[in-house]
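Numbering (the UniProt record's numbering), first residue to last: 1 to 211.
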């Protein structure tokens with residue numbers, strides 16, 4: 001029986017490269033997995049299966065990312081306008097942060113658009129509806145405090161944002177969003193909570209209705 005040196009063992013990258021069992025008996029040597037071509041075909045097959053699973057997952061994550069970008073962009077814009085008269089200093093900081101986020105988000109969208117043009121792409125770059133927005137609508141319907149005019153405005157906002165995030169509006173988005181790279185998610189989360197609390201105070205509801 002041939003022996004293995006230590007140098008040979010440490011140079012093996014995969015267990016499949018060990019051929020020691022091949023010399024133990026004729027029955028083992030006749031196994032299909034002892035042939036390198038068979039092992040290569042098997043490895044390729046399972047890699048293809050895992051790749052297909054990853055594509056399905058990435059299609060979900062891509063839509064989530066696009067939805068998050070469009071929701072954050074709209075939220076920061078509306079919040080800056082809201083505090084423009086009552087607190088100009090805060091509105092200025094929100095606007096500056098919104099522009100920095102827009103620059104970073106535009107880079108992400110450019111890469112997604114380039115990916116969407118590749119052959120075989122089966123995902124979607126159309127924004128969806130976030131869980132938070134669905135929950136807010138549900139609470140509004142239950143409390144019967146949403147007026148028909150507000151519903152129509154919400155539909156118009158959704159359509160406007162969907163149009164904005166199509167590939168044909170690339171140049172328009174680039175003009176609207178200029179600034180530096182994003183500095184993190186903390187400011188966005190705080191602004192979201194501020195908006196929720198403000199809406200609750202205006203509607204006379206508790207601060208936990210939208211959580």
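Note that CB positions come from ideal geometry on N, CA and C, so glycine has one too.
Just so you know, these numbers come straight off a predicted model, no measurement behind them.
- Cβ atoms of residue 108 and residue 65 come within 8 Å of each other, at about 7 Å.
- In the three-state reduction of the DSSP assignment, residue 83 falls in the coil class.
- In the DSSP annotation of this structure, the continuous segment of the alpha helix (DSSP H) that includes residue 88 starts and ends at 88-116.
- Going by beta carbons, residue 98 and residue 70 fall outside the 8 Å limit.
- By the criterion of at least three beta-carbon pairs nearer than 8 Å, the stretch 39-51 is not in contact with the stretch 86-98.
- Taking C-beta atoms as the reference points, residue 129 and residue 59 fail to come closer than 8 Å.
- Annotation: residue 126 is outside any alpha helix (DSSP H) and is labelled neither H nor E by DSSP.
- In the displayed model, residue 119 falls within coil according to three-state DSSP, outside both helix and strand.
- Look at residue 37 here: in three-state DSSP terms it is helix.
- Secondary structure note for residue 141: its alpha helix (DSSP H) is the uninterrupted segment 131-143.
- Beyond the five residues adjoining it in sequence on each side, residue 81 comes within less than 8 Å, by CB distance, of 91 in the same chain, given in chain order.
- Rounded to the nearest whole angstrom, the CA to CA distance from residue 139 to residue 119 is 43 Å.
- In this model, residue 113 and residue 125 are separated by some 8 Å (Cα to Cα).
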